[in-house]
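What the sequence shown shows, in full-length UniProt numbering, is residues 1 to 583, in sequence order.
Have a look at the structure below before the remarks.
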Amino acid sequence: MLREPVSTTHPPASATAPAADGTGSSRVPAPARAAGHRPRDVRALRRGLRRRAVRARIRARRLGASAVSAWRSSLHVRIGAITMVVAGTVVVIVSLVLFSQIRTQLLSVKEQAAVDQAQAGVVYAQTEVVGIAAGDAASVRATLERTVQQLLTRGGSAGTFDVVMVYRTGDTERPPAVSRPGIYPALPEGLRAGVAGGAQYSQYAMVPNDSGQARPTLLVGSPVPAGASSAGQIELYYAFPLDQEEETLSLIRTTVAISGIALTLFVAGIGVLVTRLVVDPVRRAAGTAQRLAEGQLEERMTVRGEDDLARLATSFNAMADSLQRQITQLEGLSQLQQRFTSDVSHELRTPLTTVQMAADVLHESRGDFPPHVARSAELLHEELDRFERLLSDLLEISRYDAGAAVLDWEPTDLGALVGRVVDGMSSLAGRHGCELRVSAPAGPVIAEVDARRVERILRNLVGNAVEHGAGKPIDITLAANRTAAAVTVRDHGVGLSSAEAQHVFDRFWRADPSRVRTVGGSGLGLSISLEDARLHGGWLQVWGQPGLGAQFRLTLPLTADSDLTSSPLPLRPTIVRRPGVRP
């Protein structure tokens with residue numbers, strides 16, 4: 001790039017008119033007062049400008065948010081942007097290097113031609129000014145002007161140029177001979193001082209043309225030997241305008257810029273196209289996988305060609321076939337298991353009723369039997385009761401599996417319900433040496449629930465806490481907020497590990513199979529409780545830590561068919577550690 005002139009801009013005159021009192025200050029700009037604008041109009045204009053600025057900022061934020069969203073969600077956008085940035089950077093670097101080399105080479109050729117022209121002009125001027133009469137000003141003037149015209153006529157390979165000849169005697173300088181007015185004052189002081197010192201100099205500078213517009217120019221100056229008879233010194237200056245070189249460089253710059261932009265867009269387009277060829281099959285695979293996850297097991301990918309993507313589609317379809325077969329088999333086994341459970345439970349109900357009636361007769365008459373027979377009658381009665389509870393639980397599970405479980409909604413005071421559960425479980429807690437401690441609000445906590453199912457959940461939780469509480473107190477807490485109610489049952493017994501907590505709601509699962517069950521449950525209580533909580537749209541969660549006990553939290557919405565967002569009680573209790581006890 002050629003040098004550009006440095007221009008100095010001066011601020012315009014003050015736009016404010018002087019005040020009437022002569023102080024020179026005014027709140028309203030002079031043009032506004034000249035147009036008849038009042039301060040109220042100016043304030044309204046400012047408010048309008050502020051509103052437009054706010055709207056512009058909002059639009060900018062939205063565009064920025066859209067760009068960030070597109071960057072995060074679209075691989076095409078990321079690949080295209082990264083490719084464009086990398087390609088653009090490479091193109092800019094290559095363009096700058098190429099343009100710099102072209103500019104250097106072009107100016108070097110121009111400068112060499114100019115120096116050759118100046119040297120030839122010095123030789124010719126020397127023959128013209130030899131023996132110049134220094135005392136005759138008119139003769140000196142005429143000789144210089146004639147030489148300048150001859151030099152212009154001779155021309156050269158450097159193209160269009162201007163010539164200046166200066167005759168200097170000591171500190172006195174005669175009016176110079178110039179090929180164009182205004183060229184001599186534009187010569188830099190450094191160039192003139194160097195030539196005055198007797199050396200040849202060249203320099204780039206901004207020199208005004210005929211219309212007064214500055215343009216880049218190559219200046220070459222050299223002293224002209226005038227012979228021993230001359231008492232003065234003659235200086236010759238050439239000014240070679242660089243308009244043609246400037247146009248050439250501008251054309252090259254435009255061509256390089258357009259080519260660079262086109263190349264960058266082309267490379268980015270190739271990157272996006274290649275990315276699309278790879279991403280589209282992946283997107284189709286993701287869509288097919290999503291539909292498979294939604295239950296559409298017949299979905300398959302279309303296989304095209306024999307490349308890696310085709311092998312991926314083939315493998316995906318094989319995986320889908322395998323999953324479909326396994327899911328179909330599992331559904332069949334699940335249906336068979338549900339039917340078996342339901343059928344067995346119903347089929348055992350009739351003989352169990354008959355056996356239980358006979359066992360009740362024996363249990364009522366145990367006083368007439370010998371002691372060992374009486375004890376056998378008692379054990380038979382207890383085990384039949386346990387067997388009946390197991391059948392009831394199995395029937396309940398079969399209803400959930402069949403999707404036949406329904407709720408009997410009614411407004412219920414959860415505080416009173418918790419009280420009934422505590423009263424009913426107090427005898428069991430007394431036999432195990434556990435104290436049931438209840439914390440509940442003073443007022444009623446009304447929720448639309450199925451009271452029978454919620455009471456069953458709480459009985460299961462309290463019974464589980466009694467069995468694993470190791471005889472320590474059990475804390476039952478009730479709380480509510482505007483949308484939900486929660487009950488926590490906290491024991492301080494053996495506790496649960498994180499792995500055990502993941503299986504505590506599984507059917508027939510026991511943390512320690514070797515440990516004898518003391519309460520006599522069926523192993524389905526927590527599973528049924530979880531299903532009851534889900535049927536209400538609630539949560540049943542557990543926290544546990546070995547040696548620190550466990551806590552179950554039941555969270556229910558106060559209004560039927562409403563969604564839960566939070567629970568009034570924390571799942572993790574506050575743990576008070578005793579000195580010397582490690583967790």
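Glycine included, every Cβ here is placed at the ideal spot set by N, Cα and C.
Nearest-angstrom Cα separation, counted from residue j out to residue i
{"i": "residue 48", "j": "residue 42", "result": "10 Å"}
{"i": "residue 203", "j": "residue 109", "result": "15 Å"}
{"i": "residue 292", "j": "residue 279", "result": "20 Å"}
{"i": "residue 274", "j": "residue 317", "result": "24 Å"}
{"i": "residue 97", "j": "residue 83", "result": "21 Å"}
{"i": "residue 378", "j": "residue 388", "result": "15 Å"}
{"i": "residue 471", "j": "residue 549", "result": "12 Å"}
{"i": "residue 277", "j": "residue 308", "result": "12 Å"}
{"i": "residue 290", "j": "residue 321", "result": "15 Å"}
{"i": "residue 452", "j": "residue 282", "result": "51 Å"}
{"i": "residue 662", "j": "residue 272", "result": "The first residue shown for the chain is 1 and the last is 583, placing residue 662 beyond what the model contains."}
{"i": "residue 183", "j": "residue 101", "result": "31 Å"}
{"i": "residue 260", "j": "residue 95", "result": "8 Å"}
{"i": "residue 369", "j": "residue 485", "result": "52 Å"}
{"i": "residue 193", "j": "residue 119", "result": "19 Å"}
{"i": "residue 250", "j": "residue 137", "result": "46 Å"}
{"i": "residue 410", "j": "residue 481", "result": "19 Å"}
{"i": "residue 566", "j": "residue 65", "result": "30 Å"}
Neighbourhood of residue i by C-beta distance below 8 Å, restricted to the same chain and skipping five residues each side
{"i": "residue 584", "result": "No statement about residue 584 is possible, as the shown extent of the chain runs from 1 to 583 and does not include it."}
{"i": "residue 562", "result": "483, 537"}
{"i": "residue 426", "result": "436"}
{"i": "residue 257", "result": "95"}
Where the alpha helix (DSSP H) containing residue i begins and where it ends
{"i": "residue 174", "result": "From DSSP, residue 174 is part of no alpha helix (DSSP H); its letter is neither H nor E."}
{"i": "residue 119", "result": "75 to 129"}
{"i": "residue 440", "result": "Residue 440 -> no alpha helix (DSSP H), and no H or E assigned at all."}
{"i": "residue 525", "result": "525 to 535"}
{"i": "residue 457", "result": "451 to 468"}
{"i": "residue 152", "result": "137 to 154"}
{"i": "residue 191", "result": "189 to 196"}
{"i": "residue 500", "result": "498 to 501"}
Endpoints, beta strand (DSSP E) assigned at residue i
{"i": "residue 249", "result": "Note, residue 249: premise wrong, no beta strand (DSSP E); alpha helix (DSSP H) at 243 to 293."}
{"i": "residue 541", "result": "539 to 545"}
{"i": "residue 221", "result": "214 to 224"}
{"i": "residue 413", "result": "410 to 413"}
{"i": "residue 207", "result": "201 to 208"}
Residue i beta carbon near the ligand COA (any heavy atom closer than 7 Å)
{"i": "residue 453", "result": "No copy of the ligand COA appears in this structure; indeed no ligand is present at all."}
Contacts around residue i, its chain only, beta-carbon distance under 7 Å, and the 5 residues preceding and following it disregarded
{"i": "residue 88", "result": "264"}
{"i": "residue 115", "result": "202, 220"}
{"i": "residue 191", "result": "201, 203, 219, 221"}
{"i": "residue 584", "result": "Outside the displayed span of the chain (1 to 583) sits residue 584, for which this structure offers no information."}
{"i": "residue 575", "result": "548"}
{"i": "residue 243", "result": "215"}
Whether residue i touches residue j by CB criterion (8 Å)
{"i": "residue 421", "j": "residue 496", "result": "no"}
{"i": "residue 568", "j": "residue 440", "result": "no"}
{"i": "residue 445", "j": "residue 413", "result": "yes"}
{"i": "residue 223", "j": "residue 195", "result": "yes"}
{"i": "residue 552", "j": "residue 489", "result": "yes"}
{"i": "residue 117", "j": "residue 237", "result": "no"}
{"i": "residue 150", "j": "residue 167", "result": "no"}
{"i": "residue 164", "j": "residue 176", "result": "yes"}
{"i": "residue 491", "j": "residue 533", "result": "no"}
{"i": "residue 554", "j": "residue 447", "result": "no"}
{"i": "residue 475", "j": "residue 407", "result": "no"}
{"i": "residue 297", "j": "residue 270", "result": "no"}
{"i": "residue 524", "j": "residue 508", "result": "yes"}
Other residues of its chain near residue i: CB distance less than 6 Å, five sequence neighbours each side excluded
{"i": "residue 545", "result": "495"}
Residue i - partner residues in DSSP beta bridges
{"i": "residue 486", "result": "479, 555"}
{"i": "residue 357", "result": "According to DSSP, residue 357 bridges with nothing at all."}
{"i": "residue 447", "result": "412"}
{"i": "residue 164", "result": "178, 237"}
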